[in-house]
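Numbering (our numbering), first residue to last: 799 to 1228.
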(Lines of atoms letter the chains of each structure in order from A and count residues from 1; the text may use other names and numbers.)
(Lines give C-alpha, C1' and ligand atoms only; values in the text may rest on other atoms or scores of the structure.)
Protein backbone atom coordinates (compact mmCIF):
# COMPACT_ATOMS: atom_id res chain seq x y z
CA UNK A 1 0.00 0.00 0.00
CA UNK A 2 1.30 3.46 -0.88
CA UNK A 3 1.99 5.73 2.07
CA UNK A 4 3.71 9.07 2.37
CA UNK A 5 6.27 10.50 4.76
CA UNK A 6 4.22 13.31 6.31
CA UNK A 7 2.50 13.93 2.98
CA UNK A 8 5.68 13.72 0.91
CA UNK A 9 6.64 11.23 -1.81
CA UNK A 10 10.36 11.80 -2.25
CA UNK A 11 10.68 15.49 -3.11
CA UNK A 12 7.04 15.72 -4.27
CA UNK A 13 3.69 16.22 -2.51
CA UNK A 14 3.20 18.24 0.66
CA UNK A 15 0.50 20.67 1.73
CA UNK A 16 0.82 24.29 0.55
CA UNK A 17 -2.58 25.84 1.24
CA UNK A 18 -4.13 28.94 2.84
CA UNK A 19 -4.36 28.75 6.62
CA UNK A 20 -8.16 28.51 6.44
CA UNK A 21 -7.95 25.10 4.71
CA UNK A 22 -5.51 23.48 7.11
CA UNK A 23 -8.10 22.44 9.75
CA UNK A 24 -10.23 20.68 7.11
CA UNK A 25 -7.22 18.87 5.65
CA UNK A 26 -6.03 17.87 9.14
CA UNK A 27 -9.53 16.56 9.96
CA UNK A 28 -9.59 14.60 6.71
CA UNK A 29 -6.13 13.16 7.34
CA UNK A 30 -7.05 12.13 10.90
CA UNK A 31 -10.16 10.28 9.69
CA UNK A 32 -8.28 8.69 6.80
CA UNK A 33 -5.43 7.49 9.04
CA UNK A 34 -7.94 5.96 11.47
CA UNK A 35 -9.87 4.17 8.74
CA UNK A 36 -7.01 2.89 6.57
CA UNK A 37 -6.05 0.45 9.32
CA UNK A 38 -9.68 -0.50 9.96
CA UNK A 39 -10.45 -3.69 8.03
CA UNK A 40 -14.16 -3.26 8.76
CA UNK A 41 -14.12 0.08 6.91
CA UNK A 42 -12.41 -1.51 3.88
CA UNK A 43 -15.01 -4.28 3.85
CA UNK A 44 -17.79 -1.64 4.05
CA UNK A 45 -16.18 0.12 1.09
CA UNK A 46 -15.91 -3.12 -0.92
CA UNK A 47 -19.55 -3.95 -0.21
CA UNK A 48 -20.61 -0.52 -1.45
CA UNK A 49 -18.59 -0.91 -4.66
CA UNK A 50 -20.15 -4.32 -5.26
CA UNK A 51 -23.75 -3.35 -4.51
CA UNK A 52 -23.76 0.09 -6.16
CA UNK A 53 -21.04 0.03 -8.81
CA UNK A 54 -20.98 -3.59 -9.94
CA UNK A 55 -17.49 -4.65 -8.87
CA UNK A 56 -15.47 -6.68 -9.49
CA UNK A 57 -15.05 -5.49 -13.07
CA UNK A 58 -13.93 -8.29 -15.43
CA UNK A 59 -10.51 -8.97 -16.95
CA UNK A 60 -11.28 -9.40 -20.65
CA UNK A 61 -8.95 -11.14 -23.16
CA UNK A 62 -8.56 -9.62 -26.64
CA UNK A 63 -7.88 -12.70 -28.82
CA UNK A 64 -8.53 -11.20 -32.26
CA UNK A 65 -6.55 -8.03 -31.64
CA UNK A 66 -3.68 -9.94 -29.99
CA UNK A 67 -3.42 -12.21 -33.01
CA UNK A 68 -3.56 -9.29 -35.43
CA UNK A 69 -0.90 -7.21 -33.67
CA UNK A 70 1.41 -10.11 -32.80
CA UNK A 71 3.54 -10.26 -29.65
CA UNK A 72 2.06 -10.58 -26.17
CA UNK A 73 -1.50 -11.55 -25.32
CA UNK A 74 -3.54 -8.44 -24.46
CA UNK A 75 -6.13 -8.17 -21.68
CA UNK A 76 -8.35 -5.29 -20.60
CA UNK A 77 -9.26 -4.41 -17.02
CA UNK A 78 -12.84 -3.25 -17.59
CA UNK A 79 -13.25 -0.17 -15.39
CA UNK A 80 -15.54 1.10 -18.17
CA UNK A 81 -18.17 -1.32 -16.86
CA UNK A 82 -18.49 0.46 -13.52
CA UNK A 83 -21.74 2.31 -12.81
CA UNK A 84 -21.12 5.83 -14.22
CA UNK A 85 -18.80 4.35 -16.87
CA UNK A 86 -15.37 4.94 -15.37
CA UNK A 87 -12.97 4.19 -12.54
CA UNK A 88 -13.79 7.58 -10.97
CA UNK A 89 -16.69 6.06 -9.04
CA UNK A 90 -14.23 4.03 -6.90
CA UNK A 91 -12.77 7.14 -5.29
CA UNK A 92 -16.11 8.93 -4.99
CA UNK A 93 -17.73 6.02 -3.14
CA UNK A 94 -14.83 5.93 -0.68
CA UNK A 95 -14.92 9.66 -0.05
CA UNK A 96 -18.70 9.45 0.35
CA UNK A 97 -18.16 7.15 3.33
CA UNK A 98 -15.79 9.77 4.77
CA UNK A 99 -18.42 12.49 4.25
CA UNK A 100 -20.90 10.43 6.28
CA UNK A 101 -18.43 10.28 9.15
CA UNK A 102 -17.67 14.01 8.98
CA UNK A 103 -21.40 14.85 8.97
CA UNK A 104 -21.16 17.39 6.14
CA UNK A 105 -24.11 18.07 3.81
CA UNK A 106 -22.46 19.66 0.76
CA UNK A 107 -19.81 18.33 -1.60
CA UNK A 108 -17.88 20.05 -4.36
CA UNK A 109 -15.68 18.63 -7.10
CA UNK A 110 -13.66 19.55 -10.17
CA UNK A 111 -13.84 17.58 -13.39
CA UNK A 112 -12.20 17.48 -16.81
CA UNK A 113 -13.72 14.70 -18.88
CA UNK A 114 -16.82 14.90 -16.72
CA UNK A 115 -16.60 11.33 -15.39
CA UNK A 116 -15.57 12.46 -11.89
CA UNK A 117 -18.26 15.13 -11.92
CA UNK A 118 -20.84 12.57 -13.01
CA UNK A 119 -19.77 10.14 -10.27
CA UNK A 120 -19.96 12.96 -7.69
CA UNK A 121 -23.42 13.98 -8.87
CA UNK A 122 -24.56 10.36 -8.69
CA UNK A 123 -23.41 9.84 -5.12
CA UNK A 124 -24.87 13.23 -4.07
CA UNK A 125 -28.26 12.12 -5.38
CA UNK A 126 -27.89 8.75 -3.68
CA UNK A 127 -27.00 10.29 -0.29
CA UNK A 128 -29.17 13.42 -0.43
CA UNK A 129 -26.26 15.86 -0.55
CA UNK A 130 -25.97 19.22 -2.27
CA UNK A 131 -23.36 19.08 -5.04
CA UNK A 132 -21.48 21.76 -6.99
CA UNK A 133 -19.21 20.71 -9.87
CA UNK A 134 -16.56 23.04 -11.34
CA UNK A 135 -15.63 22.42 -14.97
CA UNK A 136 -13.58 24.38 -17.49
CA UNK A 137 -15.85 25.98 -20.09
CA UNK A 138 -13.86 24.32 -22.90
CA UNK A 139 -14.40 20.95 -21.24
CA UNK A 140 -18.12 21.74 -20.86
CA UNK A 141 -18.29 22.01 -24.65
CA UNK A 142 -16.21 18.87 -25.22
CA UNK A 143 -18.10 16.73 -22.69
CA UNK A 144 -21.60 18.22 -22.73
CA UNK A 145 -23.32 14.84 -22.48
CA UNK A 146 -21.86 14.43 -18.96
CA UNK A 147 -22.86 18.02 -18.08
CA UNK A 148 -26.43 17.22 -19.13
CA UNK A 149 -26.56 14.18 -16.86
CA UNK A 150 -24.94 15.98 -13.90
CA UNK A 151 -27.65 18.66 -14.04
CA UNK A 152 -30.43 16.06 -14.42
CA UNK A 153 -29.07 14.37 -11.28
CA UNK A 154 -29.54 17.66 -9.41
CA UNK A 155 -25.96 18.95 -9.28
CA UNK A 156 -24.98 22.54 -10.01
CA UNK A 157 -22.38 22.67 -12.80
CA UNK A 158 -20.28 25.85 -12.80
CA UNK A 159 -18.35 26.54 -16.05
CA UNK A 160 -14.95 28.15 -15.42
CA UNK A 161 -14.23 30.65 -18.19
CA UNK A 162 -10.76 31.99 -17.40
CA UNK A 163 -7.22 30.77 -17.94
CA UNK A 164 -7.13 27.80 -20.29
CA UNK A 165 -10.78 26.99 -19.37
CA UNK A 166 -9.78 23.39 -18.54
CA UNK A 167 -9.16 21.18 -15.52
CA UNK A 168 -6.44 23.23 -13.80
CA UNK A 169 -8.73 26.27 -13.75
CA UNK A 170 -11.64 24.17 -12.45
CA UNK A 171 -9.40 22.88 -9.64
CA UNK A 172 -8.45 26.47 -8.70
CA UNK A 173 -12.13 27.43 -8.46
CA UNK A 174 -12.98 24.37 -6.37
CA UNK A 175 -10.20 25.27 -3.90
CA UNK A 176 -11.53 28.85 -3.67
CA UNK A 177 -15.04 27.54 -2.97
CA UNK A 178 -13.71 25.18 -0.30
CA UNK A 179 -11.80 27.97 1.42
CA UNK A 180 -15.08 29.90 1.78
CA UNK A 181 -17.32 26.97 2.76
CA UNK A 182 -15.08 24.53 4.60
CA UNK A 183 -17.31 24.30 7.70
CA UNK A 184 -20.13 22.44 5.91
CA UNK A 185 -18.49 21.32 2.65
CA UNK A 186 -16.18 18.45 1.67
CA UNK A 187 -14.06 18.73 -1.46
CA UNK A 188 -14.23 15.38 -3.30
CA UNK A 189 -10.96 15.83 -5.18
CA UNK A 190 -11.05 13.54 -8.20
CA UNK A 191 -7.48 12.47 -8.81
CA UNK A 192 -4.31 11.68 -6.87
CA UNK A 193 -3.15 15.30 -6.87
CA UNK A 194 -3.63 18.32 -4.61
CA UNK A 195 -2.54 18.90 -1.02
CA UNK A 196 -1.96 16.01 1.40
CA UNK A 197 -3.70 13.74 2.17
CA UNK A 198 -5.56 13.69 -1.19
CA UNK A 199 -2.84 11.94 -3.31
CA UNK A 200 -2.53 9.09 -0.81
CA UNK A 201 -6.26 8.97 -0.03
CA UNK A 202 -7.37 8.74 -3.69
CA UNK A 203 -4.73 6.06 -4.37
CA UNK A 204 -6.00 4.12 -1.35
CA UNK A 205 -9.50 3.87 -2.83
CA UNK A 206 -8.35 3.20 -6.41
CA UNK A 207 -6.05 0.32 -5.36
CA UNK A 208 -9.09 -1.95 -5.65
CA UNK A 209 -8.30 -2.03 -9.40
CA UNK A 210 -4.86 -3.65 -9.00
CA UNK A 211 -6.08 -5.95 -6.24
CA UNK A 212 -8.62 -7.36 -8.67
CA UNK A 213 -6.13 -7.53 -11.58
CA UNK A 214 -3.75 -9.52 -9.39
CA UNK A 215 -6.38 -12.05 -8.32
CA UNK A 216 -7.98 -12.31 -11.77
CA UNK A 217 -4.61 -12.73 -13.56
CA UNK A 218 -3.65 -15.58 -11.23
CA UNK A 219 -6.99 -17.25 -11.93
CA UNK A 220 -7.29 -16.59 -15.69
CA UNK A 221 -3.62 -16.49 -16.78
CA UNK A 222 -2.12 -18.59 -14.03
CA UNK A 223 0.48 -15.97 -13.15
CA UNK A 224 0.97 -12.24 -12.71
CA UNK A 225 0.93 -10.22 -15.95
CA UNK A 226 4.27 -9.21 -17.45
CA UNK A 227 3.14 -5.62 -17.86
CA UNK A 228 0.34 -3.30 -16.73
CA UNK A 229 -0.43 -0.18 -18.79
CA UNK A 230 -2.62 2.84 -17.94
CA UNK A 231 -3.17 6.35 -19.24
CA UNK A 232 -1.99 9.29 -17.13
CA UNK A 233 -3.92 12.50 -16.62
CA UNK A 234 -3.78 13.35 -12.93
CA UNK A 235 -2.83 9.74 -12.26
CA UNK A 236 -5.65 8.09 -10.31
CA UNK A 237 -6.43 5.21 -12.70
CA UNK A 238 -2.72 4.55 -13.28
CA UNK A 239 -1.97 4.39 -9.56
CA UNK A 240 -5.03 2.23 -9.03
CA UNK A 241 -3.80 -0.22 -11.69
CA UNK A 242 -0.15 -0.15 -10.52
CA UNK A 243 -0.53 -0.05 -6.73
CA UNK A 244 -0.56 -3.76 -5.95
CA UNK A 245 2.39 -4.48 -8.27
CA UNK A 246 4.89 -1.92 -6.97
CA UNK A 247 6.75 -4.62 -5.04
CA UNK A 248 6.72 -7.03 -8.00
CA UNK A 249 9.77 -6.12 -10.12
CA UNK A 250 8.81 -8.74 -12.73
CA UNK A 251 5.75 -6.67 -13.65
CA UNK A 252 6.56 -3.70 -15.86
CA UNK A 253 4.40 -0.64 -15.16
CA UNK A 254 3.85 1.80 -18.05
CA UNK A 255 2.03 5.14 -17.88
CA UNK A 256 0.90 6.76 -21.16
CA UNK A 257 0.57 10.55 -21.29
CA UNK A 258 -1.13 12.74 -23.87
CA UNK A 259 1.31 13.47 -26.71
CA UNK A 260 -1.30 15.72 -28.33
CA UNK A 261 -0.41 17.33 -31.67
CA UNK A 262 3.34 17.73 -31.05
CA UNK A 263 5.86 18.38 -28.27
CA UNK A 264 5.73 22.14 -28.80
CA UNK A 265 4.55 24.15 -25.74
CA UNK A 266 0.76 24.12 -25.44
CA UNK A 267 0.33 21.22 -27.84
CA UNK A 268 0.66 18.27 -25.43
CA UNK A 269 0.35 17.23 -21.75
CA UNK A 270 3.67 15.40 -21.25
CA UNK A 271 5.01 15.91 -17.74
CA UNK A 272 6.81 12.69 -16.81
CA UNK A 273 9.27 12.46 -19.74
CA UNK A 274 12.37 14.45 -20.59
CA UNK A 275 12.56 18.06 -19.48
CA UNK A 276 9.22 19.26 -20.84
CA UNK A 277 7.96 19.77 -17.25
CA UNK A 278 9.81 20.88 -14.12
CA UNK A 279 9.24 20.76 -10.35
CA UNK A 280 7.01 23.49 -8.99
CA UNK A 281 4.46 24.28 -6.29
CA UNK A 282 0.88 25.10 -7.28
CA UNK A 283 -2.67 24.15 -6.34
CA UNK A 284 -1.55 23.09 -2.87
CA UNK A 285 1.27 20.65 -3.65
CA UNK A 286 4.64 20.12 -5.30
CA UNK A 287 4.99 18.08 -8.47
CA UNK A 288 6.12 18.26 -12.09
CA UNK A 289 4.23 21.06 -13.83
CA UNK A 290 4.30 22.35 -17.39
CA UNK A 291 5.38 25.94 -16.83
CA UNK A 292 7.20 28.81 -18.48
CA UNK A 293 10.52 30.35 -17.42
CA UNK A 294 8.70 32.67 -15.00
CA UNK A 295 7.06 29.71 -13.25
CA UNK A 296 3.57 30.41 -14.66
CA UNK A 297 1.55 27.26 -15.39
CA UNK A 298 1.59 26.50 -19.10
CA UNK A 299 -1.10 25.67 -21.63
CA UNK A 300 -1.88 22.03 -22.49
CA UNK A 301 -3.65 20.05 -25.17
CA UNK A 302 -5.08 16.57 -25.59
CA UNK A 303 -7.86 15.13 -27.70
CA UNK A 304 -9.08 13.69 -24.37
CA UNK A 305 -10.47 16.25 -21.93
CA UNK A 306 -9.41 14.15 -18.95
CA UNK A 307 -5.71 14.11 -19.84
CA UNK A 308 -4.88 17.77 -20.38
CA UNK A 309 -4.05 18.56 -16.76
CA UNK A 310 -0.95 20.73 -16.32
CA UNK A 311 0.50 18.74 -13.39
CA UNK A 312 0.66 15.09 -12.39
CA UNK A 313 0.26 13.08 -9.21
CA UNK A 314 3.23 13.53 -6.88
CA UNK A 315 3.06 9.77 -6.25
CA UNK A 316 3.64 9.05 -9.94
CA UNK A 317 6.31 11.75 -10.24
CA UNK A 318 8.23 10.01 -7.45
CA UNK A 319 7.72 6.50 -8.88
CA UNK A 320 9.01 7.62 -12.29
CA UNK A 321 11.96 9.43 -10.67
CA UNK A 322 12.83 6.22 -8.81
CA UNK A 323 12.55 4.14 -12.00
CA UNK A 324 9.66 1.96 -10.83
CA UNK A 325 7.19 3.30 -13.38
CA UNK A 326 8.05 3.94 -17.04
CA UNK A 327 6.40 6.72 -19.01
CA UNK A 328 5.61 7.17 -22.68
CA UNK A 329 3.08 9.16 -24.69
CA UNK A 330 0.61 8.77 -27.54
CA UNK A 331 -0.32 11.44 -30.06
CA UNK A 332 -3.90 12.37 -30.92
CA UNK A 333 -3.70 10.46 -34.21
CA UNK A 334 -2.23 7.35 -32.52
CA UNK A 335 -5.05 7.52 -29.98
CA UNK A 336 -7.74 7.72 -32.65
CA UNK A 337 -6.20 4.73 -34.45
CA UNK A 338 -6.11 2.65 -31.23
CA UNK A 339 -9.74 3.65 -30.56
CA UNK A 340 -10.77 2.30 -33.97
CA UNK A 341 -8.73 -0.90 -33.60
CA UNK A 342 -10.44 -1.87 -30.34
CA UNK A 343 -13.89 -1.23 -31.77
CA UNK A 344 -13.33 -3.06 -35.04
CA UNK A 345 -11.55 -6.12 -33.62
CA UNK A 346 -13.21 -6.59 -30.22
CA UNK A 347 -16.52 -4.68 -30.23
CA UNK A 348 -15.60 -2.44 -27.28
CA UNK A 349 -15.99 1.37 -27.39
CA UNK A 350 -13.28 2.96 -25.20
CA UNK A 351 -13.01 6.49 -23.80
CA UNK A 352 -10.46 8.72 -25.52
CA UNK A 353 -8.54 8.92 -22.24
CA UNK A 354 -8.30 5.12 -22.10
CA UNK A 355 -7.35 5.01 -25.79
CA UNK A 356 -4.00 6.55 -24.84
CA UNK A 357 -3.35 3.45 -22.73
CA UNK A 358 -4.46 1.30 -25.65
CA UNK A 359 -2.00 3.01 -28.01
CA UNK A 360 0.88 2.59 -25.56
CA UNK A 361 -0.17 -0.95 -24.63
CA UNK A 362 -0.51 -2.10 -28.25
CA UNK A 363 2.96 -0.75 -29.07
CA UNK A 364 4.42 -2.50 -26.03
CA UNK A 365 2.65 -5.81 -26.73
CA UNK A 366 4.09 -5.95 -30.25
CA UNK A 367 7.61 -5.90 -28.75
CA UNK A 368 6.86 -8.70 -26.27
CA UNK A 369 6.85 -12.49 -26.66
CA UNK A 370 3.72 -14.55 -27.49
CA UNK A 371 3.83 -16.33 -24.12
CA UNK A 372 3.75 -12.99 -22.23
CA UNK A 373 0.69 -11.04 -21.07
CA UNK A 374 -0.04 -7.32 -20.89
CA UNK A 375 -3.02 -5.85 -19.02
CA UNK A 376 -4.33 -2.46 -20.15
CA UNK A 377 -6.56 -0.54 -17.76
CA UNK A 378 -9.64 0.54 -19.72
CA UNK A 379 -10.48 3.39 -17.37
CA UNK A 380 -13.69 4.56 -19.07
CA UNK A 381 -16.21 3.89 -21.82
CA UNK A 382 -16.49 5.99 -24.95
CA UNK A 383 -20.13 6.95 -25.26
CA UNK A 384 -19.32 10.37 -23.72
CA UNK A 385 -16.85 11.00 -26.59
CA UNK A 386 -19.26 10.54 -29.48
CA UNK A 387 -19.15 14.22 -30.48
CA UNK A 388 -15.32 14.35 -30.29
CA UNK A 389 -14.98 11.19 -32.36
CA UNK A 390 -17.53 12.46 -34.86
CA UNK A 391 -15.36 15.56 -35.30
CA UNK A 392 -12.19 13.47 -35.69
CA UNK A 393 -13.91 11.19 -38.20
CA UNK A 394 -16.39 13.55 -39.92
CA UNK A 395 -19.29 12.03 -41.89
CA UNK A 396 -22.12 13.74 -43.79
CA UNK A 397 -24.64 11.32 -42.26
CA UNK A 398 -23.76 12.55 -38.75
CA UNK A 399 -24.05 16.21 -39.79
CA UNK A 400 -27.48 15.56 -41.34
CA UNK A 401 -28.63 13.88 -38.10
CA UNK A 402 -27.48 16.87 -36.01
CA UNK A 403 -29.45 19.27 -38.23
CA UNK A 404 -32.59 17.15 -37.84
CA UNK A 405 -32.05 16.98 -34.07
CA UNK A 406 -31.71 20.78 -33.85
CA UNK A 407 -34.98 21.17 -35.73
CA UNK A 408 -36.73 18.71 -33.39
CA UNK A 409 -35.35 20.43 -30.26
CA UNK A 410 -36.38 23.89 -31.49
CA UNK A 411 -39.89 22.57 -32.16
CA UNK A 412 -40.01 21.07 -28.66
CA UNK A 413 -38.91 24.36 -27.09
CA UNK A 414 -41.62 26.28 -28.99
CA UNK A 415 -44.25 23.81 -27.79
CA UNK A 416 -43.04 24.17 -24.21
CA UNK A 417 -43.12 27.98 -24.44
CA UNK A 418 -46.71 27.86 -25.71
CA UNK A 419 -47.79 25.38 -23.04
CA UNK A 420 -45.61 25.88 -19.92
CA UNK A 421 -48.00 23.85 -17.74
CA UNK A 422 -47.07 20.76 -19.75
CA UNK A 423 -43.54 20.75 -18.27
CA UNK A 424 -44.87 21.47 -14.76
CA UNK A 425 -47.29 18.57 -15.11
CA UNK A 426 -44.48 16.27 -16.20
CA UNK A 427 -42.29 17.26 -13.22
CA UNK A 428 -45.28 16.83 -10.89
CA UNK A 429 -45.87 13.33 -12.23
CA UNK A 430 -42.20 12.43 -11.68
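We treat Cβ as the ideally placed atom computed from N, Cα and C, and that holds for glycine.
Keep in mind the model is a prediction, meaning the values are calculated, not measured.
- For the region 1076-1123, the full-length alpha helix (DSSP H) segments reaching 4 residues or more read 1112-1119 along the chain.
- For residue 938, the uninterrupted alpha helix (DSSP H) run begins and ends at 935-940, by DSSP.
- Residue 1158 is positioned such that its CB atom lies no closer than 7 angstroms to that of residue 1129.
- Counting along the chain, residue 897 sits inside no beta strand (DSSP E); it lies in the alpha helix (DSSP H) bounded by residues 886-900.
- When secondary structure is reduced to three states using DSSP, residue 816 falls in the coil class, being assigned neither helix nor strand.
- At the C-beta level, residue 918 and residue 986 come within 7 angstroms of one another.
- The DSSP-derived three-state label of residue 1146 is coil.
- Here residue 881 has 850, 851, 852, 887, 920 as same chain residues with Cβ atoms under 8 angstroms from its own Cβ, once five neighbours each way along the sequence are excluded.
- Residue 1179 and residue 1155 have their C-alpha atoms spaced approximately 13 angstroms apart.
- Nearest to residue 866 by C-alpha distance, out of 1200, 842, 1198, 1136, is 1136.
- Rounded to the nearest angstrom, the gap between the Cα atoms of residue 1070 and residue 1133 is 18 angstroms.
- For residue 957, the enclosing beta strand (DSSP E) has its first and last residue at 954-958.
- The DSSP-derived three-state label of residue 1174 is strand.
- Within its own chain, the residues whose Cβ lies closer than 7 angstroms to the Cβ of residue 1153, once the five positions on either side in sequence are excluded, are 1133, 1136, 1137, listed in chain order.
- With contacts defined by Cβ atoms closer than 7 angstroms, residue 869 and residue 1084 do not form a contacting pair.
- For residue 807, the CB contacts under 6 angstroms within the same chain, skipping 5 residues up- and downstream, are 1112, 1113, 1116 in chain order.
- With respect to the C-alpha of residue 1106, the residue from 1033, 1052, 1175, 1145 having the closest C-alpha is 1033.
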